[in-house]
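A.B. asks: Residue numbers (my numbering): 2 to 127. The beta carbon of each residue, even a glycine, is placed where N, CA and C say it ideally should be. Note that the coordinates shown come from a computational prediction; the quantities given were computed from them, not determined experimentally.
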Ligand SMILES: [Zn+2]
């Protein structure tokens, strides 16, 4: 007859729990606990607790956020896009090939850049 490791009560062979102190008994319980394919038992409390709520934010295209410029930075970046545009428009009068670069600038560079410059940021609501 096995004895409980916690309280010393006698255990029948079939049982996996001590009937006196409810401690897991003997080899059977150990084998289950050490079986490698079993997931870790969940901690009580961690199961029923809901995740913390996400901070409430509002979208903005003008306010400074951790990932976007504020109004000054966005405006300066937009001006920096228009300056080469003006130079290429004037330069095309001297050499019409420059207008080819202007089409690339207007058709490819500016849409991508403006999309990022004026990207919507999110700021937390106070
Ligand atoms: Zn016991």
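#1: Can you look up residue 123 in the DSSP assignment and give me helix, strand or coil?
#2: According to the neighbour-count rule (16 or more other Cβ atoms, all chains shown, within 10 Å of its Cβ), is residue 32 buried or exposed?
#3: Enumerate in chain order the residues of its own chain whose CB-to-CB distance from residue 29 is below 6 Å, with the five nearest sequence positions on each side excluded.
#4: Following the continuous beta strand (DSSP E) through residue 57, name the residue where it begins and the one where it ends.
#5: Shortest alpha-carbon distance to residue 15 belongs to which of 26, 7, 9?
#6: For residue 112, report the span of its alpha helix (DSSP H) as first-last.
#7: Mind checking whether the beta-carbon of residue 13 lies closer than 7 Å to any heavy atom of ligand 1?
C.D. replies: According to the structure shown:
#1: strand
#2: For residue 32, the predicted structure reports a pLDDT of 49, less than 50, and the residue's modelled location is therefore unreliable. A value from the coordinates is still provided. That one is exposed.
#3: Reliability of the predicted coordinates at residue 29 is poor, the pLDDT of 49 falling under 50, and no value is obtained from them.
#4: Residue 57 -> no beta strand (DSSP E), and no H or E assigned at all.
#5: 26
#6: 111 to 118
#7: no
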